[in-house]
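K.L.:
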Amino acid sequence: MPNGVSANVKAQIRLPSATGLPEDDVINGLHFYGQAAVVAADWTNVAGWIGAMYTTAYAGMVHALSFYMTDVITSAAGCSISFYDLSDPEPRVPFQVEQFTMNGNAGSPQPGEVALCISLATTTPAADPVRTRRNRFYLGRLAQNALSGGGPPSRPDTVAFYPDVQKAMAATKAGLAAITAVDWIVYSQKQQTLDGSGGGDATHRREVSSGWIDNGWDSQRRRGYAATSRTTF
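Per our numbering, the very first residue in the sequence shown carries number 405; after that it's consecutive.
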């Protein structure tokens, strides 16, 4: 993405797994709109806030979010954030890649299928269907310390983990909002087809206005590790 060109951008977050297998890496995507004044340093700044979301214990937090993530996530290979211009033809090549360091907790892991869903929302354009004004990403792989401390063990810990996620997301939202040449947006592929904007242009601005976490886990079988053996009976 050249400087001085507006575009919708996907930031792909990759947390490498200690297994060394790419299919075991944890991958999430956040979306941004780069305004005409954007330069490479702005994307470096965006990456800094994304990395800090995992590694920084902000005011009022008990622990940084990395404390609740297992040591099957390792920074040995480098956690990375790759920025893609969504107007480029597929297969896309990132126009900028940034790295950050994060080590998970050595505590016992939860099953790899388990994550906490973090939902993002925008209020505009109000005429668009609600489902096109929502994005989500997932916090995982999680250690068992995300369970302990308060509430039923089948739910996220409400004493430390749950409020720490809320505070980390609020700080991240505020930090990203301060980058004037970049907007954190809710991206919709459907709206990209309908109006030519997936999220960020001046006519169809879809800046992230709020977000939430539910006090229940999100489980998907595809997040887990592939079986390595089979026992018959």
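Just so it is clear, CB atoms sit at the ideal spot from N, CA and C, and this is done for glycine as well. Since we're looking at a predicted model, the values are computed, not measured.
Sort Asn-549, Val-612, Thr-536, Leu-551 by Cα distance to Met-573 and report the nearest one.
P.N.:
Val-612
K.L.:
Contact between the region 538-555 and the region 577-585: three or more CB pairs below 8 Å?
P.N.:
no
K.L.:
Tell me which residue opens and which closes the alpha helix (DSSP H) that Asp-364 is part of.
P.N.:
Here the chain comprises residues numbered 405 to 637, so residue 364 is not present and cannot be evaluated.
K.L.:
Going by beta carbon distance, what residues of the same chain come within less than 7 Å of Val-466, once the five residues before and after it are set aside?
P.N.:
Ala-564, Asp-568
K.L.:
Does DSSP put Glu-427 in a helix, in a strand, or in coil?
P.N.:
helix
K.L.:
Quick one, are the C-beta atoms of Ala-361 and Val-590 less than 8 Å apart?
P.N.:
Coverage of the chain is limited to positions 405 through 637, which leaves residue 361 absent and any answer about it impossible.
K.L.:
Return the first residue and the last residue of the beta strand (DSSP E) that Trp-616 is part of.
P.N.:
614-617
K.L.:
Bridge partners for His-435 per DSSP, in chain order?
P.N.:
Checking the DSSP bridge columns, you'll see His-435 partnered with Lys-414, Ile-589.
K.L.:
By how many angstroms is the C-alpha of Gln-548 removed from the C-alpha of Ser-491?
P.N.:
41 Å
K.L.:
Please return the same chain residues whose Cβ sits closer than 7 Å to the Cβ of Asn-432, not counting the five positions on each side in sequence.
P.N.:
Ile-417, Phe-541, Tyr-542
K.L.:
Hey, Gly-516 and Tyr-629 are a contact pair by Cβ (cut 8 Å); roughly how many whole angstroms apart?
P.N.:
5 Å
K.L.:
If we require 3 or more residues per run, which beta strand (DSSP E) segments fall completely within the region 477-512?
P.N.:
483-489, 500-504
K.L.:
Within 10 angstroms of its Cβ, does Val-430 collect 16 or more other Cβ (buried), or is it exposed?
P.N.:
buried
K.L.:
According to the neighbour-count rule (16 or more other Cβ atoms, all chains shown, within 10 Å of its Cβ), is Gly-455 buried or exposed?
P.N.:
buried
K.L.:
Considering just the uninterrupted stretch of the alpha helix (DSSP H) at Val-443, what are its terminal residues?
P.N.:
Here Val-443 belongs to no alpha helix (DSSP H), and DSSP marks it neither H nor E.
K.L.:
Which first and last residues belong to the beta strand (DSSP E) in which Tyr-542 is found?
P.N.:
538-543
K.L.:
Which residue comes first and which comes last in the beta strand (DSSP E) that contains Ser-523?
P.N.:
518-525
K.L.:
Output the distance between the C-alpha atoms of Ser-592 and Leu-520, rounded to the nearest integer angstrom.
P.N.:
22 Å
K.L.:
Going along the chain, which residues of its own chain have a beta-carbon closer than 7 Å to the beta-carbon of Val-450, five neighbours each way excluded?
P.N.:
Ala-415, Phe-436, Leu-580, Ile-583, Val-586
K.L.:
Under three-state DSSP, which class holds Leu-551?
P.N.:
coil
K.L.:
Considering Cα atoms alone, identify which of Arg-559, Ser-523, Leu-419 is closest to Gln-503.
P.N.:
Leu-419
K.L.:
If you run the structure through DSSP and keep just helix, strand and coil, what is Met-473?
P.N.:
In the three-state DSSP reduction, Met-473 falls in the strand class (E or B).
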